[in-house]
Structure formats: structure tokens, C-alpha cells
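Student: In this note's numbering, the protein residues as written are 16 to 521. Here a beta-carbon is modelled for each residue, glycine too, at the ideal position from N, C-alpha and C. Got a structure here, written out as C-alpha cells. Questions coming.
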Amino acid sequence: MADWTEKYRPSTLSEVRGNDKARDAFAEWARSWDDHREAVVLHGSPGVGKTSAAHALANDMGWETVELNASDQRTADVIERFAGRAARNATLGGSAAGGGAAGGDTASRQLVILDEADNIHGNYDRGGASAITELVKESGQPIVLIANDYYDMSRGLRNATQEIEFRDVSARSIVPVLRDVCRKEGIEFESDALQRIAEGNRGDLRGAINDLQAATQGRDSITVGDVVTGDRDKALGLFPFLDAVLKEESAEEALQSAYAVDETPDDLMRWLENNVLDVYEPAEAVRAYDFLANADVWLGRVRATQNYSYWRYATDNAAAGVAAARDGEKGGWTRYGRPQFWSSSDATADEVVGKIAAASGCSVATARREVLPFLQAVTHHCKPRELTVAMAAAYDLDEEGVAFVTGSGESTNKVASIVEDAQARRDELIEEHADGAFAFDGPDRGDDEGDADAPNGAARDGDRDDADPDDSETTPDGTDRSDSASDDDLSTEDDDDDQAGLTDFM
């Protein structure tokens with residue numbers, strides 16, 4: 016079964032419901048684009064029709080579309096290769112587009128759509144934000160940026176664009192859409208049932224359509240009794256869902272709760288997988304993981320076939336199955352953890368993984384999949400402290416990065432002191448590997464020019480005269496080294512590896 020949100024996506028701006036003022040402003044932006052030639056930002060809550068409006072506008076104007084969405088890697092190179100070519104008057108076939116010039120054929124234009132423009136950051140999207148800012152300033156084609164939070168975008172990008180806000184869709188506007196979908200699908204309905212779905216989604220039209228599809232799965236009618244009564248909570252809905260599945264509800268009730276959360280089955284499965292061991296006893300967890308494994312099989316079939324009707328079986332296993340694996344209800348409060356490898360929009364995770372990859376000489380994927388979990392395990396809650404300091408030094412992590420890896424609070428004195436010690440350790444290593452470049456603090460070298468050969472400025476300015484030639488020499492890392500060691504022996508460590516790994520700081 017096709018996803019109804021895609022199947023019934025508006026094909027023209029006149030079909031976009033609930034944001035008439037924004038819709039009209041968007042249409043005017045397109046009609047007058049030759050006069051202002053500015054990009055536009057459509058911003059507002061998820062599910063209110065921003066992306067649908069962009070595609071509907073392209074249909075109305077007869078424009079081709081070039082879309083770069085959140086699932087794509089959006090580095091500066093990728094943006095330039097795909098969006099940049101279109102924005103600078105190159106058609107998909109590579110020829111010049113006549114619509115790029117003022118007064119040209121508007122039907123030959125391309126609408127460049129960049130989704131989740133407020134989530135371009137970190138090492139994963141290296142250079143993406145600045146590339147987009149440059150793109151919108153130089154574009155010869157209309158550009159639409161889609162964002163949930165307008166102020167998460169850079170100031171430079173906001174200043175270079177127009178902005179149109181899409182507000183939450185009222186229940187009064189959602190109900191007619193649900194009614195039209197039911198009629199086109201041949202589903203009989205009670206008006207109160209559609210009203211309850213609309214009210215429960217609090218302005219999220221896409222969520223309301225998803226709920227309608229879930230409630231009518233395998234049925235040819237829908238009544239009030241078929242509708243989950245709980246409101247969809249956009250900010251906290253996941254946590255009541257985890258309580259419902261892992262602690263409170265029966266398998267059937269947990270399944271209905273899964274349909275009430277505005278998340279895809281693969282995201283729900285990640286949340287459950289990441290938190291089940293914090294609640295379940297070992298025997299319960301074994302049974303729960305069997306169901307999660309089955310859910311993953313069904314998700315694999317969805318990816319392989321693009322048949323989203325299999326999502327239902329994944330949800331059955333992830334929600335109902337995991338709830339059924341529990342022996343009775345559980346009480347108490349649990350601090351649920353965010354899935355370790357949550358979406359690439361997590362700026363801190365992307366930055367940490369990028370630093371690990373750069374320092375270790377491995378790919379970002381390897382750093383995320385193999386190195387990061389190891390570091391999280393061995394430095395959990397900053398224990399042992401010396402190892403945590405070494406890690407922070409090796410990857411040049413700030414308080415936010417250390418808190419992310421260790422699970423400790425970012426604002427704690429413990430994390431702050433670790434970052435301070437790590438920076439001191441990095442400074443020591445830089446001096447050690449500088450081959451005497453930092454031996455003197457100022458231009459005054461003293462009378463004895465031969466002191467410049469002393470490592471790190473040791474025994475200089477006449478101090479060498481007082482030193483016993485038989486005494487051992489202390490190196491910056493605290494080890495003793497004989498005066499008789501050759502220059503080659505002393506430089507071997509420095510020349511062995513150009514990249515700083517974790518072991519260099521331990």
C-alpha cells in the first residue's frame with residue numbers, strides 16, 4: 016500500500032490547506048522572482064505542508080525541480096555539483112536555461128529545493144552551510160529552503176533570503192482533507208472520528224493522514240472507536256510511547272500507541288533497542304530482542320522493495336512484540352537515552368565523529384560505527400579519568416564533545432577539568448614535537464648560543480654549567496633519557512607517525 020501522504024500530496028498550490036496567507040505569499044514570490052531574484056525560506060513545524068507547497072508551486076509554474084534533502088550528504092562539493100549547477104542556469108541536460116535571464120522563458124526555469132536547511136552543520140555536511148549561503152547570493156534560478164526552525168539557520172543565510180512562515184494547520188482545515196482521502200479510498204467514516212484525528216494531531220496535517228491510514232488499515236470504514244484517543248505530543252510523544260511499550264501497556268495497546276507517535280517504524284525500533292536494557296530483566300530482554308530482530312527483517316524488506324505496507328509488520332514486532340516480552344507492568348522513572356547513531360542532524364555527534372575520523376585516519380562511517388561505541392564504553396561517566404583526558408586530548412574535544420561521548424553533564428566541574436587537562440596535554444605534545452621551535456619565550460637568547468640545542472629549552476642561559484654531564488635528562492613526557500642517546504634515537508618518535516592517535520596522549 017502506498018503512503019497516503021505521498022499519494023495525496025497537493026499537485027497545485029490551490030490544494031494546499033490551512034496556510035492561505037503563506038501560500039499566497041509564496042505564489043507572489045514566484046511570480047515576481049525576476050524583480051527581486053532572492054531565495055525564500057519556508058519555515059514552520061513538521062507536517063504543515065512546506066515541501067508539498069514547493070512541489071505544488073513548481074507544477075503551477077511549469078518549472079523543473081532539483082531537490083537535495085536531509086538524507087543526502089550535503090557537503091560543499093555535493094551542493095555545488097547538483098544544486099549549484101541548476102542554480103547557475105544549467106538545465107538537467109547540461110545546457111543553458113533561458114529562464115535565468117530577466118524576461119526569459121519562465122517555463123524553462125528550475126526550482127532548487129533544499130530541505131532541512133536548518134540542519135546543515137558539523138563535519139558530515141562539511142562546508143555545506145557556507146556553500147548554500149554563497150549559492151543563494153549568486154543564483155540565477157529560484158531557490159526554496161525548507162526549515163523547521165528559522166533561527167537555527169545562520170544569520171548570513173537569513174539575511175540573504177526572504178522568509179515565509181507556515182503555521183500549524185487548524186483542525187477545521189484538516190478534517191476536509193481527511194474526508195477527501197476517505198472518499199477517494201472508498202472508506203466510510205464517522206465525522207466525529209475524523210474530527211478526533213484532526214484534533215489529536217495539533218496542527219500536523221501529515222501526521223493526521225498517517226493516523227487515518229493506520230486506523231483504516233484492513234478496514235473499509237472508520238468509527239470513533241477505531242481512533243486512538245491520545246493526543247499526538249510533538250515534543251514528548253516518544254517518551255510516553257517508551258513507557259507504554261516497556262512498562263505499562265498490553266501488546267494491543269502498545270501497538271495503538273505506536274500508531275499515535277509521529278515517527279517511522281525504523282526510528283521507533285532504534286529508540287526501543289537503545290532503551291530496553293534499562294528496563295527489562297535479562298530474560299525479558301532476550302525475548303524483546305527476538306522481536307526487534309524480526310522488525311529489522313521487515314524494515315529490510317521495505318528498503319529492498321519500497322513496499323511500505325511491510326511497515327505494519329515491523330511495527331507489530333517492535334511495539335506489540337516488545338511489550339509482550341515483558342512480565343507484567345513496571346513502575347518507576349527511567350531516563351531514556353537517545354539512540355546512539357541518531358540522525359545526521361545531531362551537530363555534536365557529527366562533529367565528534369568527524370574529529371575521530373580525522374585524527375584516526377579512518378572514514379566517518381568507521382568512526383561512527385566502530386570507534387565511537389568503543390570510546391563511549393571505556394570512558395563512561397569519565398571513568399577512568401586519565402583515559403578520558405587522553406581521549407579528549409587526542410580528538411581535541413570541548414566540554415560538549417566530552418559530555419556526548421562519556422554521558423556526563425556538559426556543565427559539570429568534572430568535564431570542565433578534563434577538558435582543561437586535555438588542552439594542557441595537547442600543548443605539551445605540541446612542544447615535544449616542535450623540535451625546539453618553542454625553546455625560547457622571547458627574542459633574547461642569552462649569551463650562550465649553544466643552548467639552542469637543548470631540548471625544550473632545558474639547561475639554557477648558563478644552567479648547563481651547573482649540570483652534571485652524567486645526570487639523566489628528563490623529557491617532556493616525564494621519562495628519563497640518557498645523555499648518550501643519539502640524535503637519531505631522539506627523533507624517531509617524532510617522525511614515526513604524522514597523525515595523533517589516542518596512544519600518543521597516554
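A418 lies in the alpha helix (DSSP H); which residues open and close that run?
Tutor: Taking the first residue of the sequence shown as 1, we reach residue 418 at position 403. Counting along the chain, the alpha helix (DSSP H) containing A418 begins and ends at E414 to T421.
Student: Less than 8 Å between the CB atoms is what I'm expecting for T231 and I237, so what's the real figure, rounded?
Tutor: Your numbering for residue 231 matches position 216 in the sequence shown. Your numbering for residue 237 matches position 222 in the sequence shown. Their Cβ separation, rounded to whole angstroms, is 5 Å, which keeps T231 and I237 in contact under 8 Å.
Student: Taking the alpha-carbon of Y410 as reference, which of S265, L390 and G336 has the nearest alpha-carbon?
Tutor: Counting from one through the sequence shown, the residue named residue 410 turns up at place 395. Nearest of S265, L390 and G336 to Y410, Cα basis: L390.
Student: Identify whether I128 lies in helix, strand or coil by the three-state DSSP scheme.
Tutor: Taking the sequence shown and counting its residues from 1, the one referred to as residue 128 is at position 113. Strand at I128.
Student: Does DSSP classify I202 as helix, strand or coil?
Tutor: Residue numbering aside, residue 202 sits at position 187 when the sequence shown is read from its first letter. Three-state result, I202: coil.
Student: Where does V276 sit, in a helix, a strand or coil, going by DSSP?
Tutor: Numbered from 1 along the sequence shown, position 261 holds the residue referred to as residue 276. V276: coil per DSSP, three-state reduction.
Student: So, using beta-carbon positions, are S423 and C397 closer together than 8 Å?
Tutor: Indexing the sequence shown from 1 puts residue 423 at position 408. Indexing the sequence shown from 1 puts residue 397 at position 382. Cβ distance < 8 Å, so S423 and C397 count as in contact.
Student: In the DSSP assignment, find the unbroken alpha helix (DSSP H) run with T20 in it and report its ends.
Tutor: Position 5 of the sequence shown holds residue 20. Note, T20: alpha helix (DSSP H), W19 to K22.
Student: If you draw a straight line from the alpha carbon of R551 to that of R211, how long is it in whole angstroms?
Tutor: The structure shown has nothing for residue 551, since the chain only spans 16 to 521.
Student: Using CA atoms only, rank isn't needed, just tell me which of L72, W348, A17 and R24 is closest to A40.
Tutor: The sequence position of residue 40 within the sequence shown is 25, counting from 1. Ranking the options by Cα distance to A40, first place goes to L72.
Student: Taking V294 and T349 to be in contact with their CB atoms under 8 Å, please state how far apart those CB atoms are, rounded to whole angstroms.
Tutor: The residue labelled residue 294 in the question sits at position 279 within the sequence shown. The residue labelled residue 349 in the question sits at position 334 within the sequence shown. Rounded, the Cβ-Cβ distance is 6 Å, consistent with contact.
Student: So does the segment 336 to 343 actually touch the segment 261 to 278, counting three or more Cβ pairs closer than 8 Å?
Tutor: The segment 336 to 343 vs the segment 261 to 278: in contact.
Student: Under 8 Å, Cβ to Cβ, is there at least one residue of chain B near S185?
Tutor: This model lacks chain B altogether; it includes just one protein chain.
Student: Taking the straight line between their C-alpha atoms, what separation do you get for A319 and V367?
Tutor: Indexing the sequence shown from 1 puts residue 319 at position 304. Indexing the sequence shown from 1 puts residue 367 at position 352. Distance between the alpha carbons of A319 and V367: 31 Å.
Student: For G118, name the three-state secondary structure that DSSP assigns.
Tutor: Numbered from its first residue, the sequence shown carries residue 118 at position 103. Below a pLDDT of 50, predicted positions are generally treated as unreliable, and G118, at 42, falls in that range; the measurement from the model is reported next regardless. G118 falls in the coil class under three-state DSSP.
Student: Can you give the beta carbon distance from V196 to W19, rounded, assuming they're within the 8 Å contact cut?
Tutor: For the purposes of this step, residue 196 is identified with residue 181 of the sequence shown, where counting begins at 1. For the purposes of this step, residue 19 is identified with residue 4 of the sequence shown, where counting begins at 1. The Cβ separation is near 6 Å, so the contact holds.
Student: Curious, which full-length beta strand (DSSP E) runs of at least 3 residues does the segment 151 to 196 contain?
Tutor: The qualifying runs are 158 to 162 and 176 to 180.
Student: Taking I128 as the reference, give the member of A146, A69 and E178 with the closest Cα.
Tutor: Along the sequence shown, one-based indexing puts residue 128 at 113. Of the listed residues, the one whose Cα sits closest to I128 is A69.
Student: Determine whether the beta carbon atoms of Y165 and L257 lie at a separation below 8 Å.
Tutor: Along the sequence shown, read from residue 1 onward, the residue named residue 165 stands at position 150. Along the sequence shown, read from residue 1 onward, the residue named residue 257 stands at position 242. Against a cut-off of 8 Å, the Cβ pair of L257 and Y165 comes out as no contact.
Student: Locate the alpha helix (DSSP H) running through V317, then write down its first and last residues.
Tutor: Numbered from 1 along the sequence shown, position 302 holds the residue referred to as residue 317. Taken as a continuous stretch (DSSP letters only), the alpha helix (DSSP H) holding V317 covers P297 to T320.
Student: Rounded to whole angstroms, what is the Cα-Cα separation between F254 and K262?
Tutor: By 1-based counting over the sequence shown, the position of residue 254 is 239. By 1-based counting over the sequence shown, the position of residue 262 is 247. Straight-line Cα distance between these residues: approximately 11 Å.
Student: Measuring alpha carbon to alpha carbon, tell me which residue in V417, V239 and G218 is nearest N34.
Tutor: Translated into positions along the sequence shown, residue 34 becomes position 19. Comparing Cα-Cα distances from N34 to each of V417, V239 and G218, the minimum goes to G218.
Student: For R341, which residues from the same chain have a beta carbon less than 6 Å from its beta carbon, with the 5 sequence-adjacent residues on both sides left out?
Tutor: Residue mapping note: residue 341 aligns to position 326 of the sequence shown, counting from 1. E299, listed in sequence order.
Student: Should the segment 277 to 292 be called in touch with the segment 306 to 325, which here means at least 3 C-beta pairs below 8 Å?
Tutor: Touching, yes.
Student: Taking the C-alpha atoms as reference points, what is the distance between L150 and R24?
Tutor: By 1-based counting over the sequence shown, the position of residue 150 is 135. By 1-based counting over the sequence shown, the position of residue 24 is 9. Cα-Cα distance, rounded: 28 Å.
Student: Answer yes or no: do A175 and M168 have a C-beta to C-beta separation smaller than 8 Å?
Tutor: Indexing the sequence shown from 1 puts residue 175 at position 160. Indexing the sequence shown from 1 puts residue 168 at position 153. Their beta carbons are not under 8 Å apart, which means A175 does not touch M168 by this criterion.
Student: Distance check for E203 and L83, CA to CA, integer angstroms please.
Tutor: Position 68 of the sequence shown, counted from the start, is the residue given in the question as residue 83. Position 188 of the sequence shown, counted from the start, is the residue given in the question as residue 203. Whole-angstrom Cα-Cα distance: 39 Å.
Student: How about I371 and V404: are their beta carbons less than 8 Å apart?
Tutor: As a first step, residue 371 must be located in the sequence shown, where it is residue number 356. As a first step, residue 404 must be located in the sequence shown, where it is residue number 389. The answer is no: Cβ separation not under 8 Å.
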